[in-house]
Structures are given as C-alpha cells and as structure tokens.
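One point on numbering: in the working numbering, the residue at position 84 of the sequence shown is 84, and numbering is uninterrupted. This report refers to the structure that appears directly beneath it.
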Amino acid sequence: MLDSLNFKAELSSLVATLSGGEQQKVAITRAIIADSKIIFADEPTGALDSVSRKLIFETLRNLASQGKCVFMVTHDIELASKTDRALILKDGKISQQIIKPSADELYQALESSKD
Numbered sequence: 001m002l003d004s005l006n007f008k009a010e011l012s013s014l015v016a017t018l019s020g021g022e023q024q025k026v027a028i029t030r031a032i033i034a035d036s037k038i039i040f041a042d043e044p045t046g047a048l049d050s051v052s053r054k055l056i057f058e059t060l061r062n063l064a065s066q067g068k069c070v071f072m073v074t075h076d077i078e079l080a081s082k083t084d085r086a087l088i089l090k091d092g093k094i095s096q097q098i099i100k101p102s103a104d105e106l107y108q109a110l111e112s113s114k115d
C-alpha cells in the first residue's frame with residue numbers, strides 16, 4: 001500500500017524520523033487499511049512533491065468514488081476545483097458552498113468572502 005503512494009522511507013522507521021510528506025502518506029495508508037467511512041484530510045498534499053501530490057489526491061478521489069466521505073482542507077485551488085463540493089469558510093463558519101467548483105468560481109468565492 002505504501003509503495004502505491006510513493007513512500008520511500010524504511011518501513012521500520014519511527015514516525016518522528018519521517019518527513020512531513022512521509023507522515024501524511026502513512027496517515028492516509030492507515031485510513032485506507034482501517035476502512036474508515038469518513039476521512040478527514042487536513043492539507044494532505046501540502047508537504048508533497050508534485051508526483052506524490054497527484055498520487056495522494058487520486059487516492060482520496062478513489063476513496064470518495066467508493067462511497068467514503070472525504071473532508072479535505074486545502075488552500076490549493078487546482079485541487080479544490082477537482083472536488084465534488086467546496087465549502088468556503090469565513091470566521092470559522094461556512095459562507096458559501098459550490099457544487100463541482102471551477103477554479104474561477106473558487107477564486108471569485110474567496111475574493112467575495114474577504115468583505
């Protein structure tokens with residue numbers, strides 16, 4: 001499973017010795033193995049290179065297509081525009097919801113939420 005996420009560290013490594021990206025890959029692998037129905041992913045691609053970023057996002061999309069509920073927090077407009085639904089938060093509350101968002105819709109929503 002870790003191989004499919006481009007995990008390069010030794011399997012016997014302690015979590016504290018792993019990079020942020022490696023820790024993210026381990027956490028996602030654990031969620032998959034645990035067969036979690038709901039997955040909370042806080043910036044799951046933030047510390048990753050472009051190849052790993054794509055692998056992780058595709059993995060989360062596949063989980064969602066299998067009926068898993070995936071909540072992903074991201075500041076990455078490109079990734080957010082590939083989701084089923086985007087929630088825009090302002091002051092800790094949902095200010096907007098966009099179904100099948102485009103990058104332009106997200107930029108507009110973020111700009112209007114600054115008011």
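Think of the CB as a built atom: it goes at the ideal place given N, C-alpha and C, for glycine as much as any other residue. These numbers come from a predicted model, not from an experiment.
Between V70 and the set S50, T83 and V26, the nearest pair of CA atoms involves T83. About 7 angstroms separates the beta carbons of L48 and Q24, which is inside the 8 angstroms limit, making them a contact pair. Shortest Cα-Cα distance from G67 to any of D35, I88, L14 and G92 involves D35.
DSSP places D91 outside both helix and strand once states are collapsed to three, so it counts as coil.
Counting along the chain, no alpha helix (DSSP H) covers D49, and no H or E run does either.
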